[in-house]
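Sequential numbering of the sequence shown, starting at 105, is according to this note's numbering.
Here a beta-carbon is modelled for each residue, glycine too, at the ideal position from N, C-alpha and C.
Some notes on the structure that comes next.
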Amino acid sequence: MKRHFPALLILLLALPLRADEAGDYYQAGLNHYKARPQEDAAAATAFSRAAELGHAGARTYLGLMYLNGRGLPQNYAVAVRLLGQSAGAGDPQAQFVLGQLYRSGRGVRMNKPQALTWFRRAARRGNPEAQATLAEIYATGQEVPLDYVGAHMWWNVLAAQGNEQAAQKRAAIEVYLTPAQLARAQRLAADFRPIAGPVTAK
């Protein structure tokens, strides 16, 4: 056992360095991505390096670039694979995008239950787009049974973030709730805390 200790120690000491390196590449990718279209190729290169080092956020952006053909040839299979890896690591943006893809059938076989699963995961991690999407799904009952409590809860969460449109929709839906249902929806919103956790792991 002692024979392997130095190698194990070196590996453990290298982990923070890899994380720092991945973060540096990711930030460089963001800078290029947000600058101008002419820098998309540089963004893709930086995101690729960060993704190779296990950075989930970089995989998300790289997946989006493949999905939309931005700076890279459009490739749905690669996009879905990268987004799936990132979503599995807990990245809420990737989870939301996967939900959109499964809901629309873009690049994957349409699967509404799978879409709902990803929307819920992203919403629980604090993604406002997923929260708004869930509220609409629950309020319309087109893909799930009507759930005014769930719709009110998510609109309430969004309203607390300063979303005025969500506040208006929350008020409009209250007429469909009994006092007990309204109290439950308000309690769920008040108790909501976004799930936190690392999203840089492979």
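(Q) Please identify the residue among R174, A160, G127, A271 whose C-alpha is closest to the C-alpha of A146. (A) Each of R174, A160, G127, A271 was checked against the Cα of A146, and the nearest Cα belongs to R174.
Margin query: Between which residues of its own chain and A191 is the CB-CB distance below 7 Å, once the five residues before and five after are set aside?
Written below: A198, Q199, L202, W222
### Straight-line gap, T244 to G167 (C-alpha atoms, nearest Å)
31 Å
For this session: For the alpha helix (DSSP H) containing A181, list its first residue and its last residue.
Result: 180-192
- Message: Buried or exposed, going by whether 16 or more other CB atoms sit within 10 Å of the CB of K273?
- Response: buried
- Task: Indicate whether the contact test is met: 3 or more Cβ pairs, each with one atom in the segment 288-298 and one in the segment 209-224, closer than 8 Å.
- Result: Short answer: they don't touch.
Cα-Cα separation between L238 and G266, rounded to whole angstroms: 18 Å
Does the separation of the CB atoms of G161 and D195 fall below 8 Å?
yes
DSSP three-state assignment for R140, whether helix, strand or coil: Residue state for R140 is assigned as coil, using DSSP reduced to three classes.
Q285 and L262 closer than 8 Å at C-beta: no
| task | Give the DSSP-derived three-state secondary structure of L117 in the structure shown. | result | The pLDDT assigned to L117 is 41, lower than 50, so where the model puts this residue is not dependable, and the model offers no usable value.
key: Length of the line joining the Cα atoms of N172 and T149   = 16 Å
Measuring alpha carbon to alpha carbon, tell me which residue in V253, R140, V212 is nearest A183.
V212
Review point. Hey, how far is the Cα of T282 from the Cα of G127?
Key: Each residue's alpha carbon lies about 49 Å from the other.
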